[in-house]
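Visitor: Sharing a structure here in structure tokens format.
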Amino acid sequence: MNKDLVLMIPEIIVLLTAVAALIAEMLRQPRIALSACIAGLALATLATIPMLGENATAFSETFRIDTLSIWAKLILLPTTLLAVLLVRAELGGSDREGTAYVLLIMVTLGSLIMAGAGDTMLIVLGVLLSSLGSFALVAYPRDDAATEAAMKFFVFASMTASIMIFGLTYWFGGTGSTLLSELHILEKSSALAAIGFITVVIGLGYKAALVPFHFWAPDAYEGAPISIAAYLSVVPKIGAIFALAQVVRDLPTDSGWQWVLAIIAVLTMTFGYLAALVQQNVVRLLAYSSIAQAGYFLLGILAIGISPLAVESLIVFSAAYVAMNLGAFAIIMQIGRTLDSFKNMGFKHPLAGIAMVVFLISLAGIPPLAGFVGKFLLFAAAMDAGFTWLVVIAIINSVLSLAVYLRIVMPMYQQPTADKPSKSEEKQDNVISLYLVKPVWLVGLIFTVLIGLAAQILLGRL
Amino acid sequence: MLPIVSLTLFLPLLGALFIMCQRNVAAEKVHKIGIITSALTLLGSIWMWIRGVADSGFAQVEQIEWMPSIGAAYRVGVDGISLPLVILTTLLFLLTFIYSSKVRERPQAFVVLMLILETAAIGTFTALDAILFYVFFEVSLVSMYFMIAGWGHEDRQRAALMFFIYTLLGSLPLLLAILGLYLGGDTHTFDMRVWIENPPLEGTAAMLALIAMLFTFAVKTPVFPFHTWLPAAHVQAPAAASVILAGVMLKFGTYGLVRFALQMTPEAFREAAITVLVFGIVAALYGAFAALAQTDIKRLIAYTSVNHMGYIIVGVAIAALTLDPEIRAIALDGSVLQMISHGLVTGALFFLVGMLQDRAHTREMDQFGGLLKTVPLLAWFFIIAAFASLGLPGLAHFPAEFQIFLATLKAAPWAIIVILGIVITAGLYLKAISQVFLGASNEKWKTMPDLDRRELWTLSPLLFFIILLGVAPSWVLDVIHKTTTALTF
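Here the protein sequences line up with chains A and B, keeping their order.
Just so you know, we're using our numbering here: the first sequence kicks off at 128 and counts up by one.
Just so you know, we're using our numbering here: the second sequence kicks off at 689 and counts up by one.
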């Protein structure tokens, strides 16, 4: 029992941080809540570092402390910290500011539980915990768009979660246990394995915004504050992806689950980029792009158990994805939501312009940036697992993705045609605190370049 | 031992970083830094040339661990195929910097992008690790995209977009082939030397990898019917970018064809050699005919590139086809030399067209006439370069094309029909010269100034080397020959 608690220290710190922040918010002390969050997240990250290399389970195998879950903490906790800064920049001073921090921490906790789940019930717990917080975060501005987005999100989430819970009962019936490690019993009864797996894909696919369970994502991102959209597009998504990886680790390999994921990967990548190609709103564009990026994760997941590169590729790409996506959203916070607001932006803000270009071409997977290394490893893993055709489709989609991202880059460096005063900049209702946004994208920029040039930092410690 | 290859490779990047760190510098100073950096880089490559190449395999190899857990490392080195290309690259970049020192529109960004492009180009030729090669190969696309989009002509945004997407589509199959070679080998490594020593793939897998690579390099070279991005990009690109695009970046395609396709999947290439040969012939003839039909002088030169690169494809295909090592060496010697000659000649031609456009703001040939009298220096430079381009003996293209045709005659005599291309290019250049420089002079250009000092500095080295390579090619050929005779497959 004591050992179990020791293994869970980072999660416990995160929980206590949320409680502390909540108390501070109840006392109407948002600044203290903010400091508590930053300190707690930093502490939890530090507490995780000594665990690297550990491979254990806690609480009778229900929670796994393995490479995936440790790296999930090392990636998601600092990400949450950056997201807290972004939220502070955007919502700081509003009357329920502190609740946003509390909810962020709770959603992160849910995502961490998903990423380390060794038990189907923990997956359900993680999904619900992160979903509940997300609804409230999306609805935070309390205007029509946000409320509608949160409502859609809520209905969608309830539906998919109940389907997943329903399907998981089949697994329970077949194995007599809720543990993932018992799933190998289903080797002989592939129908049971398939029903359960499909519902898990629905439940986690909604969290990760995989096509066709993605409908909530663009609306929710658009309705929510940009900082919340930035957060939702990375943290819960990676939590769900890692949970899926935990599930398939124990599934019998010959039950054909790879094919389910391969087909979903094709749909997700292709649809995501095609839809992004016609967006006028940059937030929606990035929403569809983050849907498409989720499809690339699946290439790594379906190689789990076959290729030794699978887990490495998932971790590297997660870190890369976090750095570049969060960075891109931070720039949007600074510049504006529409494509028009990016006109000439490269001349007006040279450094931010360079950073945005780096994020976007890294998202497109162009070397020597983080996105390239991540995708390269994912491709290698999928080819190693025998899915060359899927890699071909992923590569074609990478070309499509370049067209998507260049739609933002092109206006950035277009010559000003006439000297019209740009309205878009002044139109934002609340002023964003730039001194908090800039460090966030600078950190994103550093990591996007660093992971690209020295991915060994992530590979070597695995 | 000083790591000269790495120093030469990263010197331009350092220059770029140095410029980026400075704020509000005068345009002259930025250009000066660019010229000095690229001059030092040229010195570095000359030093590499003095150190020379090995009798077989790669020389001056430098390596550092990079991603040991997947077998990727930073590995660079040169052999007789890559070393002349490195020299060509550093020379052309220096001249481009001299030529562009008049750019007043965002000079800082211009020089930074050009310097990054230079590192990418040198890196592509010297990389001995497949991932490293791919990284440099792609970085060149990004900087070229911004060059065209930022300093191009009227329709630059569209042209830049098309260039980027087209060539990215082209280069991704190479990634697939690299992964295939990586996973197919016994030891998981991205070391290109290992792949060349023991080609990791055989049979169908090798053929698929070869097809992927051929696609990539065919787009890059470009070979008909994958050439459509080239005229569009050239017409819109600024003259400096055109020179680099034609002079250096097209060679990525043919260099890759030799380095990857021929050396890493030799068996499959032999099987496919006839097909490649036909593609080469079609490209050479198509490029010549298409050039004949142009009225825009820049498009004309762009299409002659398709023609000249077609000869290189023919040479490489012959090298794959033949079993006689002697003929193979001749064919490859010719192909590699052709890469160098084309870089020098087309570089000069694009500079000259750029200078003409700076003066006249048009590129339509029928707008000119009688320029020989108004701007004699420019005209004579153009005429010499054009004669070199059509393969006149005594000028740079002749020894290269002669060797390619010689090997073709010995290995696949029917393929000699490709020589028709020479006749057509001769015709089209004579037509262009008579339209632009001879005949009645147009009143409009009476006051056109002749070449100034900056332009002479840009052109003279190229003209010198064009004549030198034509008269005495052996100093380059010896280096190339050392490597091509040692090739075993």
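Just so it is clear, CB atoms sit at the ideal spot from N, CA and C, and this is done for glycine as well.
1) Between D271/A and F283/A, what straight-line distance do the alpha-carbon atoms span, to the nearest angstrom?
2) What three-state label does DSSP hand G167/A in the structure shown?
3) Let me make sure I understand the geometry here. Which of G294/A, V265/A, T296/A has the alpha-carbon closest to that of F281/A?
4) Looking at V1033/B and S1077/B, is the spacing between their C-beta atoms short of 7 Å?
5) Taking only beta-carbon positions, decide if Q583/A is within less than 7 Å of chain B.
6) Going by other Cβ atoms of all chains shown within 10 Å of its Cβ, with 16 needed for buried, is W1187/B buried or exposed?
7) Using a Cβ cut-off of 7 Å (strictly closer), state whether E674/B contacts chain A.
8) Hey, is the stretch 136-151 of chain A in contact with the stretch 235-252 of chain A, meaning 3+ C-beta pairs nearer than 8 Å?
9) Would you report the Cα separation of I202/A and F444/A, rounded to the nearest angstrom?
10) Roughly how many angstroms separate the alpha carbons of V564/A and I804/B, rounded to a whole number?
11) Distance check for A430/A and G323/A, CA to CA, integer angstroms please.
12) Could you tell me the alpha carbon to alpha carbon distance between M689/B and I1072/B, rounded to whole angstroms?
13) Going by CA-CA distance only, name the one from K720/B, F957/B, P795/B, A971/B that's closest to G1109/B.
14) Can you look up F590/A in the DSSP assignment and give me helix, strand or coil?
15) Is any beta-carbon of chain B found at less than 7 Å from that of S551/A?
16) According to the Cβ coordinates, are G722/B and F825/B closer than 7 Å?
17) Which same chain residues, not among the five before or five after A1017/B, have their C-beta less than 7 Å away from its C-beta?
18) Determine the contact status of W754/B and A761/B, defining contact as a CB-CB distance below 7 Å.
19) Would D817/B and F878/B be called neighbours here (beta carbons separated by less than 7 Å)?
20) Can you tell me whether R158/A is helix, strand or coil according to DSSP?
21) Strictly below 8 Å CB to CB, what residues from chain B border P604/A?
22) Unbroken beta strand (DSSP E) runs of length 3 or more, entirely within the stretch 213-258 of chain A: which are they?
23) With H, G and I counted as helix, E and B as strand and the rest as coil, what does DSSP make of M1053/B?
24) Thinking C-alpha only, which one of A370/A, L586/A, F293/A, S221/A is nearest I559/A?
25) Against chain B, with Cβ distances strictly below 7 Å, would M241/A count as a contact?
26) If you pair each beta-carbon of the stretch 789-797 of chain B with each one of the stretch 906-924 of chain B, do three or more pairs fall below 8 Å?
27) For E188/A, name the three-state secondary structure that DSSP assigns.
28) Tell me whether the beta-carbon of M539/A lies closer than 7 Å to the beta-carbon of G454/A.
29) Rounded to whole angstroms, what is the Cα-Cα separation between T812/B and A336/A?
30) With distance defined between alpha-carbon atoms, name the residue in V1024/B, F1070/B, S770/B nearest to L636/B.
31) Note the first and the last residue of the continuous beta strand (DSSP E) segment covering R763/B.
32) Measuring only the C-alpha atoms, how far is Y562/A from R215/A?
33) Which residues, in order along the stretch 952-986 of chain B, keep a beta-carbon less than 8 Å from a beta-carbon of chain C?
34) Check the C-beta distance from G579/A over to L496/A and give it rounded, since I have them as a contact under 8 Å.
35) Take G740/B and list the residues in its own chain whose beta-carbon comes closer than 7 Å to its own, dropping the five residues that flank it on each side.
36) Across the stretch 403-416 of chain A and the stretch 499-515 of chain A, are there enough close Cβ pairs to call them in contact, namely three or more that are closer than 8 Å?
Guide: Let me lay it out:
1) Within the first sequence, the letter at position 144 stands for residue 271/A. Within the first sequence, the letter at position 156 stands for residue 283/A. Taking the straight line from one Cα to the other gives about 18 Å.
2) Sequence index remark: in the first sequence, residue 167/A carries index 40 (1-based). In this structure, G167/A counts as helix in the three-state DSSP scheme.
3) For the purposes of this step, residue 281/A is identified with residue 154 of the first sequence, where counting begins at 1. Nearest C-alpha to F281/A among G294/A, V265/A, T296/A: V265/A.
4) Within the second sequence, the letter at position 389 stands for residue 1077/B. Within the second sequence, the letter at position 345 stands for residue 1033/B. Yes.
5) To locate residue 583/A, count along the first sequence from 1; it is residue 456. Chain B places a beta carbon closer than 7 Å to that of Q583/A, counting this residue as a contact.
6) A question about residue 1187/B goes unanswered here, because the residues of chain B that appear run from 689 up to 1177.
7) The requested residue 674/B does not occur in the structure, where chain B is confined to residues 689 to 1177.
8) Yes: at least three Cβ pairs fall under 8 Å.
9) On the first sequence, position 75 is the one that residue 202/A refers to. On the first sequence, position 317 is the one that residue 444/A refers to. Cα atoms of I202/A and F444/A: separation of roughly 11 Å, rounded to the nearest angstrom.
10) What you label residue 564/A is simply residue 437 of the first sequence in a count that begins at 1. What you label residue 804/B is simply residue 116 of the second sequence in a count that begins at 1. Using only the alpha carbons, I get a separation of about 29 Å.
11) Here the question's residue 323/A lines up with position 196 in the first sequence. Here the question's residue 430/A lines up with position 303 in the first sequence. Straight through space, the alpha carbons of A430/A and G323/A are spaced by roughly 20 Å.
12) Numbered from 1 along the second sequence, position 1 holds the residue referred to as residue 689/B. Numbered from 1 along the second sequence, position 384 holds the residue referred to as residue 1072/B. Annotation: M689/B to I1072/B spans about 42 Å, alpha carbon to alpha carbon.
13) To locate residue 1109/B, count along the second sequence from 1; it is residue 421. Closest by alpha carbon: A971/B.
14) Given that chain A is displayed from residue 128 to residue 589, the structure contains no residue 590/A and the question cannot be resolved.
15) The residue labelled residue 551/A in the question sits at position 424 within the first sequence. The pLDDT assigned to S551/A is 47, lower than 50, so where the model puts this residue is not dependable; a value taken from the coordinates is nonetheless given after this. No - not a single Cβ of chain B is within 7 Å of the one on S551/A.
16) Along the second sequence, read from residue 1 onward, the residue named residue 722/B stands at position 34. Along the second sequence, read from residue 1 onward, the residue named residue 825/B stands at position 137. Cβ atoms of G722/B and F825/B: not closer than 7 Å.
17) What you label residue 1017/B is simply residue 329 of the second sequence in a count that begins at 1. Excluding sequence neighbours, A1017/B sits near H1169, T1172, T1173.
18) In the second sequence, residue 754/B corresponds to position 66, counting from 1. In the second sequence, residue 761/B corresponds to position 73, counting from 1. Yes, these two residues count as a Cβ contact at 7 Å.
19) Position 129 of the second sequence holds residue 817/B. Position 190 of the second sequence holds residue 878/B. Contact flag set, yes.
20) Position 31 of the first sequence, counting from 1, holds the residue named residue 158/A. Helix.
21) The shown model of chain A, from 128 to 589, leaves out residue 604/A, and the question about it has no answer.
22) Entirely contained in the stretch 213-258 of chain A, not one beta strand (DSSP E) run reaches 3 residues.
23) Reading the second sequence from its first residue, position 365 is the one you call residue 1053/B. Three-state DSSP puts M1053/B in a helix.
24) The residue you call residue 559/A lines up with position 432 of the first sequence. Here the closest residue by C-alpha is S221/A.
25) As a first step, residue 241/A must be located in the first sequence, where it is residue number 114. Not one chain B Cβ lies under 7 Å of M241/A.
26) Flag = no, the stretch 789-797 of chain B and the stretch 906-924 of chain B do not touch.
27) As a working note, residue 188/A is residue 61 in the first sequence. Assigned with DSSP and collapsed to three states, E188/A falls in coil, not helix or strand.
28) If you number the first sequence from 1, residue 539/A lands on position 412. If you number the first sequence from 1, residue 454/A lands on position 327. In this structure, G454/A does not lie closer than 7 Å to M539/A by Cβ.
29) If you number the second sequence from 1, residue 812/B lands on position 124. If you number the first sequence from 1, residue 336/A lands on position 209. Going by the C-alpha atoms only, they are around 38 Å apart.
30) Since the first and last residues shown for chain B are 689 and 1177, residue 636/B lies out of range.
31) Within the second sequence, residue 763/B is the residue found at index 75, counting from 1. Element bounds for R763/B: 760-766.
32) Position 435 of the first sequence, counted from the start, is the residue given in the question as residue 562/A. Position 88 of the first sequence, counted from the start, is the residue given in the question as residue 215/A. One C-alpha to the other measures close to 11 Å.
33) Here chain C cannot be found, since the structure's protein chains are A and B.
34) As a working note, residue 579/A is residue 452 in the first sequence. As a working note, residue 496/A is residue 369 in the first sequence. Going by Cβ atoms, the distance from G579/A to L496/A rounds to 4 Å, so yes, they are a contact pair.
35) Looking up residue 740/B in the second sequence gives position 52. Close CB contacts of G740/B within its chain, under the 7 Å cut and outside five residues either way in sequence, are with A747 (chain order).
36) Using a Cβ-Cβ distance cut-off of 8 Å, the stretch 403-416 of chain A and the stretch 499-515 of chain A are not in contact, since fewer than three pairs of beta carbons, one from each stretch, lie closer than that value.
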